[in-house]
Structures are given as C-alpha cells and as structure tokens.
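*Asks:*
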Amino acid sequence: MADDLVNVQIDGTWHQFPKGTRMIEACRQAGVEVPHYCYHPKLSSPGNCRMCLVEMGMPPRPKPGEELTRDEDGRLPIQWMPRPVIACANTVSENLGIRTESALTKSCREGVMELLLINHPLDCPICDQAGECRLQEFSVEHGTGGSRFREDKVKKPKNVDIGPRVRLDDERCIMCSRCIRFTAEVADDPVLGFTERGSHTTLAVHPGRRLENNYSLNTVDICPVGALTSTDFRFQMRVWFLKEIESICTGCGRGCNTEVSSREGSILRQTPRENNEVNSTWMCDRGRLDFHYVNSEARLTQPLLKGSEGHRAVSWKIAVKTLADNLAGFESSKIAIIASARLTNEDLYLVRRLAQQLGVKELDVIARLGEDDGYLVAADRNPNSRGAALVLGLDSEPGSRVCGIRRDIESGKIAALLAIGEDLTSPEAGFSPALLSQLEFLGQIHHTANSTADAAAVVLPGATSFEKSGSMVNVTGRLQRLAPVVPLPGEAREDWVILRDLLQALDGGNGAGSSDEVFSLLAQEVSAFEGRTLAGISPLGEVLLETGETVPLLEREKERIAKGEIVG
Amino acid sequence: MALVVRRPQLKWWEKIYLPVIAKGLVITMRHFIRTLTGRTKVTMQYPEEKWNDQLPEHYRGAPALVTDEQDRERCVACQLCEFICPPRAITIIPEEIPSEDKWAKVEKRPRAFNIDMIRCIYCGLCEEVCPEQAIFLRKDYAITGESRAEMVHDKARLYEIGGRRVGLVNKWNDLK
C-alpha cells in the first residue's frame, strides 16, 4: 500500500501518512497537538472556529522547462503560502509542509483567542466546565493574556432551559456548532440551530421543540466550553475534585464504556469513554444518569433475619449460616434459585457452584426485554444475559423457566427460593407478594431494600455494579471489565464474597480470595472463557463470542467514514 | 582559612565589672520606680483585654466570608479555597440560586460553607486564591470552643465574623 502513502513535513520532520488524512489528524499522529474547537472526529468538519489555522507549504510550480531540484532524500523544496489554512478540513498531499509553531501560526491563534474571548463572560468561578474547558486551556497555551476590547460585551440569554437534562448559557457559547451537528448527524433530532448574525449569533432550540432525545447529554460532553451543561451535574462539584475510574454501563446489554466520576465515595457523574467497537464516543442519557440509586437511603447495609417483630440486624456469620442451614434442610428438588443477568460472570459462576452443591435444577435469571432504539440501547436490558447463559449453562433462553418456577411455587412443588440480585415482585419478574408468602423459605441477596426483602427470612446486603469488580459479556459477545468505583456502604459485601461464604458454609468452599481467582476457576470450567484472566481483559474489552450482531449507530458511522464525511 | 578574632583589650576598671553592674542597677531601679508609680503597665488582663489594637494590618487571624455593599454574599462556591487549603479545613457544598432570588443572575452560591478551625493553619491561601474577593483573614485569633463541632465555623458564623466589606471590585454589577 506504499502508493497510498504521502510524505509530509510537520514542523521540520518528515512523516508518512495515507493519502486523504486530514492535516489535523496527521499532526496528532505525529505527536503535535493542533488546538481546535469545532472539529470532532465523529462529526462533519465545517471549519468555522478557525482555531486550527496552520501555515502550509507546497513545492513551487516550476516555470516551463524548469526542473525542481530534489535534495538527497528526494524531497522537493517547500514554498510556504502567505496565508494560513485550517488543518481540520484540508487533507495531506505529497511533499506538503505544515508549520504549527511558526510566527504566522502563533499570531493566528492569538488573534482567534482574543476574538473568541471578546464576548465571553469570563464567569469561570461559577461555570461547571472550568477545569476541563478548552477555552481556558487554549487561552493559557495560545492566548495573549489580555484583551484590547473596551466596549460593552454583547448580552445574550443565560441559563436557558432547552431540555429536561441540558441547560444552555449563550454568552459562553463560541459558535463551534458541534452540538448542532451532533443532534442533526448522530441523534437525528435536529432541534438546535443558530439565530441572529455576527457577534449576536445565538444558539437556540427550534421554537416549540426541546432537546429531549435520549442522547441529549452527549452535547454536554462535546461542548468545548460551558455553554451546554448537564442539569443533573450542575453545580454539584468542581471537576478537579473528581476521581475518574473506567468502567462499563450496566443499563442495557450494550455495555457502553464509561468513566465514572466520584468524590469521597459518592458518584457524581458518568461519561462515555471512546470504544469504537461498542459505543463510539456516545452514550444514552438513561444509562448515564442511572447511578443515583447507589447513594440511595434504601440501600441495605446489614445482614437481616426475619423474626416475629420484623427484620433485625445480625452478624454476617450468623446470617450466612442461617441461610445455609435453611437451604440444606430442603430436598434439592424443592429448591429454586433465581439469579440475575445483572450479576457479573464471577457472581454467576459461584451461583452455578451453589446450584451444583445443593443439586438444584430450577435455576434461571429474570429476562428484561425492551426495544432496540436503533442507536445504542439494546433490546436486552440486562447487561450480562450472554454471560449468564454461558456461565450458568442455561440450555434454554434466559428467563424462560421463571414461569414454570412460579407455577411450581403455586402447586407447592417448590418450597424454598433464593433470589440473588433481583426483586421478584418487580414487573419483569412477576412474582406477587401472595405467591412469595406460599414459600416455606425465601432468602435474598440484594443491594437495595425491596418488597422481596420484606418477605424474605434472610436478607444479605450485596453490591451495586458500581461497587464490584468483575466481568460481563455484552450483546455483541464482547467480554468487558467492571471496576469498583465507590466503597460499599455499611457492612454490605460484594456478591461473589457472599456466595463464596455461603458455599463454604455448605461445605463446598473453594477458597477464592479475589474476583480474579473466581474468574480463573470459571476459565477452567467454562470453555468459552478458557485461557483468559480478569486482569488480562483489555480496558476496551475483547471479543468472546462471534455473534454477528452489529450496533446500528456504529454501522452508520462506518458508512460516513467510508464516504469521507467524518474521520471516525 | 582560619579567621583570627581580635579580643578587645579591656582596661582595669572594665575588668572588675563594677561600673557596669552599677549602670545596670540604675536601669533596673528606673523601671522599678516607673512600675511603682504606675507609669509602665506590664500585665495584660487576658482575655478581658486583647491585642487587637496592637495587631499589624497584615495580621492573619480567622478566615471569614464577607458581603458586599448591597449585602449580597460575595462567595459563588467556586471551591478554589477548598482546593488550595493545605490542611483541608474548608468544605463547601454548592447550590443553584433559585430563579426568584434577587441575585439569580449570579447562579451559584454555597449551601454550606464550613471551616474547621481545628485544622486551619491561618496561611491565608484561601484569601489569596479567591477570584471573587469573598474570603478574608480577620484579626480574630482567640478561636475557642468546648467541642470539636463548636470549632467548625459554618456559613452563618463566617458571615458574622466577616461582616460587610466595601470598596472591592463588584463583578456582578448592573451591567452584568
């Protein structure tokens, strides 16, 4: 493919790039950052911010009959152009020269920064973007540090409610149009646009419409300044206090890669992390905001036993022993276990061991089906259905035996039930409190108080997906890692720890000391996981199953890359 | 290189020290008489009497929040003081100013602003870093309390110590 490579000089050093590479991407690959606002690799490039202006040069056009002399490396001389060009929308060509540090480039950047800041309110002390603001960063790196503007700044609408989850401050907007392009090109909900002209240009939402699609918060991520801010995160915490940990979203089977930000043990926001095999750089609002339950008052913090006067807190040792003794007291055919496809593979592996130990045949998870929205949200709303089917060795569709278990409870064939990570009275599970009261014994492991726990004789406090380490398999068969973001509340424990202790109490102990060890045991027993380790899973995950399923949003992005509309 | 220190050559009357002792006694007697006649005051009746009027202008006492000419709280909860504070004495919980408030255009204020005076080291970095001129070190130095909780200055207490401060830059004026 050597024919497709062209030689490009960047700041005096020669590099090779494929033909058609944008100048800005070529510079990035060469390790030179060109400052930019409007350019985004996943969106079209209108070239309107002018921040990425660089000096460009090409070989001079020879006079008729004149031959250009090549130097010893075969390079032609470069004639520098008197005017700068934008690096985001121009592509590289043979013998092209780019200067990103020349006097012309520097003066262009200083000029653009000064003009961008003319009408900027400079309200960084109250702006949520402060600390991760491109305007702040480039002002320090490329600005002059002062303004020659003595007139009054243009007044624009502030704190505009443009949608349920996004707030707009027009004075901070630098008219890069990233949000407009995102809503039009990716979310297919073109509700944003510019009105007025010149320095009065204002970002506005179409009259009678609102920015309320399920992907609206991505505009907040891509906004280089504080013009669009998240209502949920508004004034919660300055970003420099946040501890950011890479994890995955467990809102549906897609398993979008995320970065979870917390401070002092409470989660404050969740943002998407780039993974071009799963979620590109986007994420849905529903999944993104689905973390508030972690800080909920209803979290279970102590093991509970039900007595004549309701539940009372007991020690872990007593609670686990009571649960083990109760389960062991039933014939294996009278016990059913309902696990959850929201558990990690490690948790599910120990559920499988528990079922083997007790000889339980009635084992299933609760299915959660919704509709595929044609972007990122998968029809399967469980994050680990594929993992559950693999690890538990379910021979039928996950969730298909739940109906039978309900019938067996009614007929009295099943007398003891253990629910792990599921509230059985939820609409998806469909167990009525009356049905649960027919059981002789009900035990539950769950992170939050619920009506199943109300009915359960033993309740053990588990962990949410933000508090445990482990792995999950998404709908496209990708094995991804989950990271603990915040510490567990009270005495709650990770589910695999509870299940290990329960197994030990039933004399089936395996002595696993960490989720890594549980994964290794799983890898020995389930062939699909063979040869893998938990720590070895790359931060972007790895393909475990070839399912042939595609992500609609990614397919459209690939088409646009092929057409050259976006860089990708 | 060794440095030779020349000792002074003392005269004989200097060597017996008596004239110097007499000179010292005169000074002592002068102070004794001034104290007896009440012209010199030695003991300060602390805590009834305090140092306040003798403290220099740059004295760094307890940090406090101030309001401006229109009694607007100057603090916008940017949390820079919380970030810079070396002993982590400051805790701020920000909140949005409700739209019906007179100063709604400022958008943000602290819901809670606590300074743990057991932790505070009076370094003055909070005052230096404040972009809104909202926190100042005052001359209060005798911060006492009977419990740890009492030693935490909350927002109300901080405004009580700080009071109103005029003549500062008013960023949030009518134009803005």
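In order, the protein sequences belong to chains A and B.
With the numbering used here applied, the first sequence closes on residue 568, and no number is skipped along the way.
With the numbering used here applied, the second sequence closes on residue 1176, and no number is skipped along the way.
Yeah, the Cβ is synthetic: ideal placement off N, Cα and C, and Gly gets one too.
(1) Keeping to the same chain, check which residues put their C-beta closer than 7 Å to that of PRO539 (chain A); ignore five residues upstream and five downstream.
(2) On the three-state DSSP scale, how would you describe ILE78 (chain A)?
(3) In terms of residues, what are the limits of the alpha helix (DSSP H) holding GLY471 (chain A)?
(4) When you compare each of A:LEU358, A:GLY387, A:ARG401 and A:SER107 to ILE366 (chain A) by their alpha carbons, which one comes out closest?
(5) At 9 Å on the CB atoms, spell out the chain A contacts of VAL1076 (chain B), in chain order.
(6) Using DSSP with H/G/I as helix, E/B as strand and the rest coil, what is LEU323 (chain A)?
(7) Taking contact to mean at least 3 C-beta pairs separated by less than 8 Å, is the region 541-549 of chain A in contact with the region 472-480 of chain A?
(8) Distance cutoff 8 Å, beta carbons only. Does ASP1116 (chain B) sit that close to anything in chain A?
(9) Residues of chain A with CB under 9 Å from PRO1098 (chain B), in chain order?
(10) Please classify ASN1052 (chain B): is it buried, with 16 or more other beta-carbons within 10 angstroms of its beta-carbon, or exposed?
(11) When DSSP labels each residue in this structure, what does GLN9 (chain A) get in the three-state scheme?
(12) What does a CB cutoff of less than 7 Å around ALA512 (chain A) pick up in its chain, not counting 5 residues either side in sequence?
(13) Output, in sequence order along the chain, the residues in the region 150-164 of chain A whose CB is closer than 8 Å to any CB in chain B.
(14) Report yes if the CB atom of ILE98 (chain A) is closer than 8 Å to the CB atom of CYS179 (chain A), and no otherwise.
(15) Using a Cβ cut-off of 9 Å, which residues of the region 228-245 of chain A contact any Cβ in chain B, in chain order?
(16) Compare the C-beta of PHE1113 (chain B) against all C-beta atoms of chain A and say whether one is closer than 8 Å.
(17) Quick one: residues in its chain with C-beta nearer than 7 Å to the C-beta of GLY163 (chain A), no 5 flanking neighbours on either side, listed in chain order?
(18) Taking the alpha-carbon positions, what's the THR464 (chain A) to PRO487 (chain A) distance?
(19) What is the DSSP secondary structure of MET113 (chain A), counted as helix, strand or coil?
(20) With a threshold of 16 other CB atoms inside 10 Å of the CB of ILE10 (chain A), please say whether the residue is buried or exposed.
(21) Check the Cβ of GLN1133 (chain B) against every Cβ in chain A and list those closer than 7 Å, keeping chain order.
(22) Let's test the definition: count the other Cβ atoms within 10 Å of the Cβ of TYR1159 (chain B) and tell me whether it reaches 16, buried, or not, exposed.
(23) Hey, is PHE1136 (chain B)'s beta-carbon within less than 8 Å of any beta-carbon in chain A?
(24) Check the Cβ of LYS1108 (chain B) against every Cβ in chain A and list those closer than 7 Å, keeping chain order.
(25) 8 Å is my cut-off, CB to CB: does PRO1094 (chain B) come that close to chain A?
(26) Considering only C-alpha positions, which residue in the set A:LYS413, A:GLY412, A:GLN356 and A:ALA339 is nearest to GLY387 (chain A)?
(27) Could you tell me the distance, in whole angstroms, from the CA atom of MET81 (chain A) to the CA atom of SER230 (chain A)?
(28) Counting pairs of beta carbons, one from the region 142-153 of chain A and one from the region 109-120 of chain A, are three or more of them closer than 8 Å?
(29) If you reduce the DSSP assignment to three classes, tell me which class LEU192 (chain A) lands in.
(30) Could you tell me whether any Cβ in chain A is nearer than 8 Å to the Cβ of VAL1166 (chain B)?
(31) Quick one: residues in its chain with C-beta nearer than 6 Å to the C-beta of THR1040 (chain B), no 5 flanking neighbours on either side, listed in chain order?
(32) Does the beta carbon of LEU1158 (chain B) sit closer than 8 Å to a beta carbon anywhere in chain A?
(33) Give the single residue among A:PRO272, A:GLN524, A:VAL220 and A:HIS292 whose Cα lies nearest to the Cα of ARG167 (chain A).
(34) Check GLU1146 (chain B) in the structure and name its three-state DSSP category.
(35) For ARG181 (chain A), tell me which candidate among A:ARG172, A:VAL191, A:LEU424 and A:ILE174 has the shortest Cα-Cα distance.
(36) Do three or more CB pairs link the region 82-102 of chain A to the region 39-49 of chain A at distances below 8 Å?
*Replies:* From the atom records:
(1) Residue 539 (chain A) sits at position 539 when you count from the first residue of the first sequence. Only GLU246 meet the Cβ criterion.
(2) The residue given as residue 78 (chain A) occupies position 78 in the first sequence. If DSSP states are grouped into helix, strand and coil, ILE78 (chain A) belongs with coil.
(3) Working through the first sequence from its first residue, we reach residue 471 (chain A) at position 471. It should be pointed out that residue 471 (chain A) corresponds to Ser in this sequence rather than to Gly. From DSSP, SER471 (chain A) is part of no alpha helix (DSSP H) but of the beta strand (DSSP E) over 470-473.
(4) Taking the first residue of the first sequence as position 1, residue 366 (chain A) is located at position 366. Nearest C-alpha to ILE366 (chain A): A:ARG401.
(5) Counting from one through the second sequence, the residue named residue 1076 (chain B) turns up at place 76. Within chain A, the residues near VAL1076 (chain B) are ASP123, PRO125 and ILE126.
(6) The residue given as residue 323 (chain A) occupies position 323 in the first sequence. Helix at LEU323 (chain A).
(7) yes
(8) As a working note, residue 1116 (chain B) is residue 116 in the second sequence. No, no contact with chain A.
(9) One-based indexing of the second sequence puts residue 1098 (chain B) at position 98. The contacting residues do not exist; PRO1098 (chain B) stays about 12 Å from chain A at best.
(10) As a first step, residue 1052 (chain B) is located in the second sequence; it is residue number 52 there, counting from the start. ASN1052 (chain B) is exposed by the Cβ-count criterion.
(11) Here residue 9 (chain A) refers to the residue found at position 9 of the first sequence. Strand.
(12) For the purposes of this step, residue 512 (chain A) is taken as the residue at position 512 of the first sequence. Excluding sequence neighbours, ALA512 (chain A) sits near ARG500, VAL518 and LEU521.
(13) ASP152, LYS158 and ASN159
(14) Residue mapping note: residue 98 (chain A) aligns to position 98 of the first sequence, counting from 1. Residue mapping note: residue 179 (chain A) aligns to position 179 of the first sequence, counting from 1. No. Outside cutoff.
(15) ARG234, PHE235, GLN236, MET237, ARG238, TRP240 and PHE241
(16) For the purposes of this step, residue 1113 (chain B) is taken as residue 113 along the second sequence, with counting starting at 1. No, no contact with chain A.
(17) Here the question's residue 163 (chain A) lines up with position 163 in the first sequence. Taken in chain order, the residues that qualify are ARG210, LEU211, GLU212 and SER216.
(18) Against the first sequence, residue 464 (chain A) aligns to sequence position 464. Against the first sequence, residue 487 (chain A) aligns to sequence position 487. Approximately 10 Å, taken between the alpha carbons.
(19) Counting from 1 along the first sequence, the entry for residue 113 (chain A) is found at position 113. Helix.
(20) The residue you call residue 10 (chain A) lines up with position 10 of the first sequence. Under this definition ILE10 (chain A) is a buried residue.
(21) Locating residue 1133 (chain B) in the second sequence gives position 133, where the first residue counts as 1. Here the premise fails: no neighbours, minimum Cβ distance about 11 Å.
(22) Mapped onto the second sequence, residue 1159 (chain B) falls at position 159. Classification of TYR1159 (chain B): buried, given that the 10 Å Cβ count is 16 or more.
(23) Working through the second sequence from its first residue, we reach residue 1136 (chain B) at position 136. False, the Cβ-Cβ gap to chain A never drops below 8 Å.
(24) Mapped onto the second sequence, residue 1108 (chain B) falls at position 108. Simply ILE126 and PHE235.
(25) For the purposes of this step, residue 1094 (chain B) is identified with residue 94 of the second sequence, where counting begins at 1. By this cut-off, PRO1094 (chain B) is an interface position.
(26) The residue labelled residue 387 (chain A) in the question sits at position 387 within the first sequence. Cα-wise, what sits closest to GLY387 (chain A) is A:ALA339.
(27) Within the first sequence, numbered from 1, the residue matching residue 81 (chain A) stands at position 81. Within the first sequence, numbered from 1, the residue matching residue 230 (chain A) stands at position 230. Their Cα atoms are separated by approximately 43 Å.
(28) yes
(29) Your numbering for residue 192 (chain A) matches position 192 in the first sequence. Residue state, collapsed to three classes: strand.
(30) For the purposes of this step, residue 1166 (chain B) is taken as the residue at position 166 of the second sequence. With 8 Å as the cut-off, VAL1166 (chain B) does not count as an interface residue toward chain A.
(31) Your numbering for residue 1040 (chain B) matches position 40 in the second sequence. Once the five neighbours on either side are set aside, the close Cβ partners of THR1040 (chain B) are ARG1034.
(32) Position 158 of the second sequence, counted from the first residue, corresponds to residue 1158 (chain B). Taking Cβ atoms only, chain A never reaches closer than 8 Å to LEU1158 (chain B), which makes this a no.
(33) The residue given as residue 167 (chain A) occupies position 167 in the first sequence. Looking at the Cα atoms, A:VAL220 is the closest of the given residues.
(34) Position 146 of the second sequence, counted from the first residue, corresponds to residue 1146 (chain B). GLU1146 (chain B): coil per DSSP, three-state reduction.
(35) Taking the first sequence and counting its residues from 1, the one referred to as residue 181 (chain A) is at position 181. The shortest Cα separation from ARG181 (chain A) among A:ARG172, A:VAL191, A:LEU424 and A:ILE174 belongs to A:VAL191.
(36) yes
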